[in-house]
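Notes follow once the structure below has been shown.
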Amino acid sequence: TTSLGEVTRTRAPSVLIEFAYHDNPMDAEWIRNHIDEIARNVVLSLTEYFKIPFVEPQPIQTATVEVSSGNLNIRSLPFRAFIGKAPNGAQVFVLGQYDGWYVVRYDQYEGYVSGDYIVLNY
């Protein structure tokens, strides 16, 4: 339908995903009981569509950069051009993992680094 406010009053590109009818008590209960699974599946679908890594949320950990020389490149995505560098011994925050890569925060940078050069601090 084109009469729904969610459709007619949008001011940005959008997608309306209908999982169930929230005004149906059984459907509303199903939504409440499956909200995490629904959210995970929507995010996974979007990352697949846009061909970007799906990084599972995890508790933030600290880690140390361990390179034999030079700096560790921080990349916008795995195998992409680097956006920053972290020196040997630098402490970084690990936000997630993807296929041998860590998503890290270091200074003003947030991006991907090869897991080969990161030692998690336990």
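Here our numbering is used: position 111 in the sequence shown is 986, and no number is missing along the way. Virtual Cβ for every residue (Gly too), placed ideally from N, Cα, C. Since we're looking at a predicted model, the values are computed, not measured.
Around the Cβ of A938, a 10 Å sphere holds 16 or more other Cβ atoms; the residue is buried. The C-beta separation of L947 from Y992 comes to about 5 Å, placing the pair in contact by the 8 Å criterion. Nearest neighbour of P932 by Cα position, chosen from R886, R884, Y973, turns out to be Y973.
With respect to V969, Q936 sits close: the two C-beta atoms are nearer than 8 Å. Beta-bridge analysis with DSSP links W905 to no other residue. It is roughly 19 Å from the alpha-carbon of T883 to the alpha-carbon of Y896.
Runs of the alpha helix (DSSP H) spanning 4 or more residues and lying entirely within the region 896-972 occur at 900-908, 910-925, in chain order.
Taking all protein chains shown into account, V890 has fewer than 16 neighbouring C-beta atoms within 10 Å of its C-beta and is therefore exposed. Remark: C-beta atoms of I906 and F925 do not approach each other more closely than 8 Å. Around G959, the same chain offers I949, Y984 as residues with beta carbons nearer than 6 Å, after the five sequence neighbours per side are excluded.
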